[in-house]
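Student: Sharing a structure, written as structure tokens. Questions coming.
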Amino acid sequence: MQTAAAVTMVRDDAFFLKAWLAHYGGLFGRENCYVINHGRGVEVAALAEGCNVIGIPGDPHKNFDVKRWQLLNNLVGGLRKYFTHVVVGDVDELVVCDPEAGGTLLDFLKDAPKGRILTPLGLEVIHRIDIEPDPVTGPILGPRMHVRPAPWYSKPCITSAPAKLSRGGHYAQYDKLHAPDRLYLLHLKFCDFDNYAAAMDRRNAVTAEVPGDQKGASIGGHWFAANRGEDRAVFEAFETLEMVEGFDMTPLRRRMRRSFKPRGDTGFYEFDHPRYKTQYRLPDRFAGLV
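In structure tokens, the structure reads:
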């Protein structure tokens, strides 16, 4: 069996897809990357050349996210027959290995125990527009070096065991929490002001075409224009987050482990998702990693 594959689903998000392809294509090889091209976008197909591109219709319909994760769960389940580990997530989510530990994510997975689901610690890369004026023209980390804790994005996204993932990939039907100290999931939604505005315009357009209300559509509320708010105010608010010195994530992982429990009678497991009002500056060793 080969060590690792990566899976995502994307519609038109060229900025994030380029980062996803550079990261996972560079680590695993494009031949081990699986891109579901929602809407059979020409640009997506061109950017993902050399990957395994699966085109599906882009017609608006209800229960979008439910169907999306049914498809992803089934694809991941099949790929696990051929790969030891399968990394699955949205196109704006990248799993990285702390360079301080030595080696890449692929190096880590080659030595990682089989038959587990791994949960990296979620960090949201934020664009501090007051002190980070440079545009992102290549790697994201470098021009952007600030993050805020994002427990909602501490996702069980590296699978080498049979288990169903929930809609959004936030929970797994797996009764153990493996959260290696060196692994992080970087959520890139807020990494660049200009690209955020453009991406939100596209997502608002998608939800406007879907019949029914937000609940019936089964799409994350953050896709809807009514929940968007004023873009610049969203980014200016990052300045008010308390800056924490250093980069010690031990307390955050400790809280994950201590609060891990069944999610009611759903079969899924969860941990607390506190709303931290803090931020950190990434150590320089992360620059250029994605």
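Under the numbering used here, the first residue of the sequence shown carries the number 1445, and numbering increases by one thereafter. We put the beta carbon where it would ideally sit given N, CA and C, even for glycine.
#1: Between which two residues does the alpha helix (DSSP H) harbouring residue 1694 extend?
#2: Can you check which of these residues, 1548, 1540 and 1557, is closest to residue 1528 by C-alpha distance?
#3: Can you look up residue 1667 in the DSSP assignment and give me helix, strand or coil?
#4: Considering only the alpha carbon of each residue, which of 1728, 1709, 1625 and 1588 lies closest to residue 1598?
#5: Buried or exposed for residue 1669, please, with buried defined as at least 16 other CB atoms from any protein chain shown within 10 angstroms of its CB.
#6: Just to confirm, are residue 1539 and residue 1630 a CB contact at a threshold of 9 Å?
#7: Can you check DSSP and say which residues form a bridge with residue 1507?
#8: Consult DSSP for residue 1461 and reduce its assignment to one of helix, strand or coil.
#9: Is residue 1628 helix, strand or coil when you go by DSSP?
#10: Can you find at least 3 beta carbon pairs, one from the segment 1719-1727 and one from the segment 1587-1597, that sit closer than 8 Å?
#11: Using three-state DSSP, classify residue 1611 as helix, strand or coil.
#12: Below 8 Å, can you find three or more Cβ-Cβ pairs linking the segment 1559-1570 to the segment 1612-1623?
#13: So if DSSP puts residue 1723 in a beta bridge, which residue, or which two residues, is it bridged to?
#14: Give a yes or no on contact between the segment 1699-1707 and the segment 1599-1609, applying the rule of three or more CB pairs nearer than 8 Å.
#15: Give the DSSP-derived three-state secondary structure of residue 1589 in the structure shown.
#16: What residue from 1623, 1474, 1677 and 1554 has the CA that sits closest to residue 1490's CA?
#17: From 1569, 1499 and 1549, pick the residue whose C-alpha is nearest to that of residue 1469; which is it?
Tutor: This is what the structure gives:
#1: 1694-1702
#2: 1557
#3: For residue 1667, the pLDDT reaches just 45, beneath the cut-off of 50, and the residue's location in the model is therefore unreliable, leaving the point undetermined.
#4: 1625
#5: Confidence in residue 1669 is poor, its pLDDT being 45 and thus under 50, which makes the residue's placement unreliable; the coordinate value appears in the next sentence. Exposed.
#6: yes
#7: According to DSSP, residue 1507 bridges with nothing at all.
#8: helix
#9: strand
#10: yes
#11: helix
#12: yes
#13: 1687
#14: no
#15: coil
#16: 1474
#17: 1549
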